[in-house]
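Colleague: If you use the working numbering, the sequence shown closes out at 139, no skipped numbers anywhere. Cβ coordinates follow ideal geometry from the N, Cα and C atoms, glycine included. Got a structure for you, questions after.
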Amino acid sequence: ESAPIRRLKDGLLLPTPQPTPVKGKILALSESLFEEDAVIIDRPASANVRYAAGHGPALEISWQGFRELGIWSRPGGAPFLCIEPWHGLASPVDFDGEFTEKPGVMLIPPAATRVLSYQIHLD
Numbered sequence: 017e018s019a020p021i022r023r024l025k026d027g028l029l030l031p032t033p034q035p036t037p038v039k040g041k042i043l044a045l046s047e048s049l050f051e052e053d054a055v056i057i058d059r060p061a062s063a064n065v066r067y068a069a070g071h072g073p074a075l076e077i078s079w080q081g082f083r084e085l086g087i088w089s090r091p092g093g094a095p096f097l098c099i100e101p102w103h104g105l106a107s108p109v110d111f112d113g114e115f116t117e118k119p120g121v122m123l124i125p126p127a128a129t130r131v132l133s134y135q136i137h138l139d
C-alpha cells in the first residue's frame, strides 16, 4: 500500500494523512510503529494481508466490504498484534457533529441489508 495512512492522537483521528510505513508491500513491525496508536490504511488497494515471521506459520486475512484496515498493538511491546478490517473511524480531532457524520459510518436504511465479511487462514 503506497497511499498515506491515518493516525490517532488521544483516541481522535488526526486531520492530516501521514506517509505510509509500508515499503515494497512489507510493513516492518517494531515497538515504535505503534507509539502513535494504530496504523490505519484508508481504502486499501488490496483486500488481504499476510503476516509471517521468518519461516514459521503465516496468517492471511482477507475481507470484503470494509473501507479501512487497522493494524495496532499496545505501545511498549505487547505480546499481540491486531489486524482488523474496519468500516468507520474514530471521531476526528475537533469533531462536533452527529455520529452519522463521522468518517466511514455506514448508514443502512430500514429493512435493507449489507454484507461485510472477512476470512482468516492459517498456513
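Specify the secondary structure class of residue 117 as computed by DSSP and reduced to three states.
Modeller: To locate residue 117, count along the sequence shown from 1; it is residue 101. Of the three classes helix, strand and coil, the one that applies to residue 117 here is helix, per DSSP.
Colleague: For residue 54 and residue 88, which I take to be in contact (beta-carbon distance under 8 Å), what is that distance rounded to the nearest angstrom?
Modeller: Within the sequence shown, residue 54 is the residue found at index 38, counting from 1. Within the sequence shown, residue 88 is the residue found at index 72, counting from 1. Indeed, because the Cβ distance is near 4 Å, the residues count as touching under 8 Å.
Colleague: Quick check: what's the CA-CA separation for residue 98 versus residue 48?
Modeller: Within the sequence shown, the letter at position 82 stands for residue 98. Within the sequence shown, the letter at position 32 stands for residue 48. Roughly 15 Å between the two C-alpha positions.
Colleague: Using only the alpha-carbon positions, how far apart do residue 126 and residue 111 sit?
Modeller: Translated into positions along the sequence shown, residue 126 becomes position 110. Translated into positions along the sequence shown, residue 111 becomes position 95. Each residue's alpha carbon lies about 27 Å from the other.
Colleague: Helix or strand or just coil, what does DSSP make of residue 49?
Modeller: The residue you call residue 49 lines up with position 33 of the sequence shown. Helix at residue 49.
Colleague: Does the Cβ-Cβ distance between residue 86 and residue 124 come in under 8 Å?
Modeller: For this step, residue 86 is matched to residue 70 along the sequence shown. For this step, residue 124 is matched to residue 108 along the sequence shown. Result no, Cβ atoms of residue 86 and residue 124 do not sit closer than 8 Å.
Colleague: Rounded to a whole number of angstroms, what is the C-alpha to C-alpha distance between residue 120 and residue 107?
Modeller: Here residue 120 is taken as the residue at index 104 of the sequence shown, counted from 1. Here residue 107 is taken as the residue at index 91 of the sequence shown, counted from 1. About 10 Å.
Colleague: Can you give, in chain order, each stretch of the beta strand (DSSP E) that sits fully within the region 21-68 and has at least 3 residues?
Modeller: Taking only runs of at least 3 residues, the beta strand (DSSP E) segments lying wholly in the region 21-68 are 55-58 and 64-68.
Colleague: Less than 8 Å between the CB atoms is what I'm expecting for residue 35 and residue 20, so what's the real figure, rounded?
Modeller: Here the question's residue 35 lines up with position 19 in the sequence shown. Here the question's residue 20 lines up with position 4 in the sequence shown. The Cβ separation is near 6 Å, so the contact holds.
Colleague: Could you check what DSSP says for residue 127 in three-state terms: helix, strand or coil?
Modeller: Here residue 127 corresponds to residue number 111 of the sequence shown, with the count starting at 1. It is coil, neither helix nor strand.
Colleague: Return the Cβ separation of residue 137 and residue 76 in integer angstroms, given the expectation that the two are a contact with Cβ distance under 8 Å.
Modeller: Along the sequence shown, read from residue 1 onward, the residue named residue 137 stands at position 121. Along the sequence shown, read from residue 1 onward, the residue named residue 76 stands at position 60. Between residue 76 and residue 137 the Cβ distance is about 4 Å, and since that is below 8 Å, they are a contact.
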